[in-house]
Amino acid sequence: MRLGSYTYLPASTGMDTAKGVLLKGGLPVTLEVTEDILQQFMDAITFLEESLSRGWVSSGVSFGALSAE
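For the sequence shown, the residue numbers in this note's numbering are 1036 to 1104.
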């Protein structure tokens, strides 16, 4: 699976490790290096989620009150 310049390879069932491998430029990336990247990603997702929530609330759209016609 690709995410930008990174590629994640899930662990195959025959591997001794339970984790996959994160690659950048064909080279493995250690988890210590990815902690900051993961935190930035989670912060961005949280910001987007909060922004979307505010947008839905201010639009007045209610998905729970849809009528069947």
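Even glycine gets a Cβ: it sits at the ideal position worked out from N, Cα and C.
With a 10 Å radius around its C-beta and 16 neighbouring C-beta atoms as the bar for buried, classify L1057 as buried or exposed. Counting other Cβ atoms within 10 Å of its Cβ, L1057 reaches 16 or more and is therefore classed as buried.
Give me the Cα-Cα distance between L1010 and E1084, rounded to the nearest whole angstrom. The structure shown does not extend to residue 1010, since the chain is modelled only from 1036 through 1104, so no value can be given for it.
S1086 and K1059 - do their beta-carbons sit closer together than 7 Å? Not a contact, by the Cβ cut-off of 7 Å.
Quick one: what does DSSP say T1042 is sitting in, helix, strand or coil? Three-state result, T1042: strand.
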